[in-house]
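Peer 1: Chains as they are written, first to last, in our numbering: chain A, 170 to 351; chain B, 56 to 534.
We treat Cβ as the ideally placed atom computed from N, Cα and C, and that holds for glycine.
This structure is in structure tokens; I'll ask about it shortly.
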């Protein structure tokens, strides 16, 4: 693959392994103080403190709201089209657009579309499914989904330099520091 | 026992981080404990025995369904005047069972009941399997299953469309939405745990399979952040959904003009009954499963006790609903309504009615006693009573009203056939087979979620300043 271009594989970043959340956060704070901005943390459990330390934010709820709104419109449009336009049935002279009877399905469609938006949106924005990610090249990263915490300073960071970044990360007292090859 | 004693003390402090699991106390041991069930080379012998029996029952179900499709719905006991029989009873029964999973995963999540983390995965799986069993009935009871697509609003050569004013169609949408959202919720929660199994896998096949379904999850902070938002939103969406599903099922009855069905109490009464029966089934399956797979430290007696408290509460609501129905039948002054309720208690199905009262109203009351509520044998027996009682409730509702409605000349007595019985027993087999396969091949306990309730996950002690945090979906607290 990329090895055909050059003998030395390009670097994805420098990875430090921590034993717990507290030392990871300390590592993040130290890296921020060192001027690094392009970082990512990997944790076995969701951690708000880590997310907060990295300053990650998004507008996910707005997306789901739009999905739900689309669902309610689609649900109503479907029922209106079928009951009024495509297959009008006069039942005791009641109005064809008998909207109170449509509420249940509008509700169900709202929930369905919103839930699909939430899950598909989460996967899409997270870039999943991803068949390949460089962090898995580091053997100790197998424990990122079990009990270890990892901090990666990306090679794209303006202040990144393999040797100094390794030294900086090692100064935070991690269990190990490793290069992440692309 | 000392662990749970101290945990009880901790629990009284509202913002302390309670100790919800015994024994295993760090991330590695939780991972080992849960993954160990999946990773051991062979399952316990009892698993083989159980799955042999249940898969035979499942085969019987397939045979019965095949026979039904080849012959027609006449093989069932449904006949004038009871055109709804065990098919609808079983459909409502299984949809009801499904409710506990979503209640545990969504409502208890929003209510910040952290103890749910040990049981939510298995309960959500049960939801899916119960919906499979439930969905089978409407699909096959239409008779000509090859035109089952008429249920859905799809363009067809006859230029006909379904009637959106019918609660039966609402039901199609409610149950299919419920099945989809439950599957999404369950699968999304599974992602990080599938990644754990992938990273621990010893064989290439396992790594490939778990890796495929883990979708390349790597647990980055950005992934977790969106995951948590999505999980919280999904819980918020699933909460009204779970309350709506059985309400819509109850509309199938309540919107009709049949005495005993045409009542406004049906939606809340059905929802309470659904949660009641669902928790009954969760206790029925979890008591043996935690013994079988050595998960007693994660699914503790406290979890079971909490579930028993929910059974007690919802069982009492169901009892109150029975009493209210009777009161309204008398107070409403409608002679047909009055007759139906007298007929339920004293008519030809008196045995079903009083058995139902015993199972649903009397039996759960024993759970007021702590000794019984924390005794595995007693709670198992009571949960079996709850399952039977809730099945009988649907039987009583469906059959007593249909067999004796307005005109005595068209009264009748419903008798199920052997095919009815074998089909129902077969769905129990299907449910248990799927559950046993789930226990063997997927993490039965939500590993990542249980880890969040451990003090060790946060690097500070049990009384840290972020006492309420550390669970998917919680807002980032901006201090």
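From the DSSP secondary-structure annotation, give me the bridge partner or partners of residue 209(A).
Peer 2: 321(A)
Peer 1: Among 88(B), 104(B) and 246(B), which one has its Cα closest to the Cα of residue 488(B)?
Peer 2: 104(B)
Peer 1: Strictly under 7 Å for the Cβ-Cβ distance: is residue 298(A) near chain B by that measure?
Peer 2: yes
Peer 1: Please check the pair residue 401(B) and residue 136(B), which I expect to be a contact at CB under 8 Å, by giving their CB distance rounded to whole angstroms.
Peer 2: Residue 401(B) to residue 136(B), Cβ: 20 Å. No contact.
Peer 1: I need the straight-line Cα distance from residue 134(B) to residue 448(B), nearest angstrom please.
Peer 2: The alpha-carbon separation between residue 134(B) and residue 448(B) amounts to approximately 20 Å.
Peer 1: Chain A partners of residue 283(B), CB-CB under 7 Å?
Peer 2: 215
Peer 1: I'd like to know whether the C-beta of residue 220(A) is nearer than 7 Å to at least one C-beta of chain B.
Peer 2: yes
Peer 1: Measure the alpha-carbon distance for residue 210(A) versus residue 413(B) and round it to whole angstroms.
Peer 2: 56 Å
Peer 1: Mark residue 461(B) as exposed unless 16 or more other C-beta atoms lie within 10 angstroms of its C-beta, in which case mark it buried.
Peer 2: exposed
Peer 1: For residue 257(B) versus residue 315(A), is the C-beta distance shorter than 7 Å?
Peer 2: The Cβ-Cβ distance between residue 257(B) and residue 315(A) does not fall below 7 Å.
Peer 1: Starting from residue 280(B), trace the alpha helix (DSSP H) in both directions and tell me its first and last residue.
Peer 2: 276-309
Peer 1: What did DSSP end up calling residue 160(B) once you bin it into helix, strand or coil?
Peer 2: helix
Peer 1: Just by C-beta distance, which residues in the stretch 370-391 of chain B are closer than 7 Å to chain A?
Peer 2: none
Peer 1: What ranges does the alpha helix (DSSP H) occupy inside the stretch 186-230 of chain A, keeping only unbroken runs of at least 4 residues that lie completely in it?
Peer 2: 190-202 and 217-223
Peer 1: Would you mind reading off the limits of the alpha helix (DSSP H) that contains residue 392(B)?
Peer 2: 390-401
Peer 1: Strictly by DSSP, which residues pair up with residue 415(B)?
Peer 2: DSSP lists no partner for residue 415(B).
Peer 1: Taking a cut of 8 Å between CB atoms, which residues from the stretch 264-280 of chain B lie near chain A?
Peer 2: 270, 271, 272, 273, 274, 275, 276, 277, 278, 279 and 280
Peer 1: Give the interface partners of residue 212(A) over in chain B, defined as CB-CB distance under 7 Å, in chain order.
Peer 2: 274, 276 and 279
Peer 1: State the DSSP-derived secondary structure class of residue 70(B), mapped to helix, strand or coil.
Peer 2: Unreliable placement is indicated for residue 70(B), whose pLDDT of 45 sits below 50; the coordinate value is still reported in the next sentence. Three-state DSSP puts residue 70(B) in coil, outside helix and strand.
Peer 1: Residue 237(B) lies in the alpha helix (DSSP H); which residues open and close that run?
Peer 2: Start and end: 222-255.
Peer 1: Within its chain, find whatever has a CB closer than 7 Å to the CB of residue 265(A); leave out the 5 residues flanking it on each side and keep chain order.
Peer 2: 252, 253 and 257
Peer 1: Check whether chain A comes within 7 Å of residue 256(B), counting only Cβ atoms and requiring the distance to be less than that.
Peer 2: When Cβ-Cβ separations below 7 Å define contact, residue 256(B) makes no contact with chain A.
Peer 1: List the residues that DSSP assigns as beta-bridge partners of residue 180(A).
Peer 2: 350(A)
Peer 1: Only counting runs of 4 or more residues, tell me where the alpha helix (DSSP H) segments fall wholly within the stretch 80-132 of chain B, in order along the chain.
Peer 2: 82-94 and 100-126
Peer 1: Just to confirm my understanding: we take residue 443(B), look at its own chain, exclude 5 residues before and 5 after, and list those with CB closer than 7 Å. What are they?
Peer 2: 414
Peer 1: Taking DSSP as the reference, what is the three-state secondary structure of residue 259(A)?
Peer 2: coil
Peer 1: Taking Cβ to Cβ, would you say residue 377(B) is nearer than 7 Å to residue 300(B)?
Peer 2: no
Peer 1: Go ahead and label residue 337(B) buried or exposed: buried means 16 or more other beta carbons lie within 10 angstroms of its beta carbon, across all protein chains shown.
Peer 2: With 16 or more other Cβ atoms from the protein chains shown falling within 10 Å of its own Cβ, residue 337(B) counts as buried.
Peer 1: DSSP state of residue 65(B), grouped into three classes?
Peer 2: The predicted model places residue 65(B) with a pLDDT of 42, which falls under 50 and marks its position as unreliable, so this point remains unresolved.
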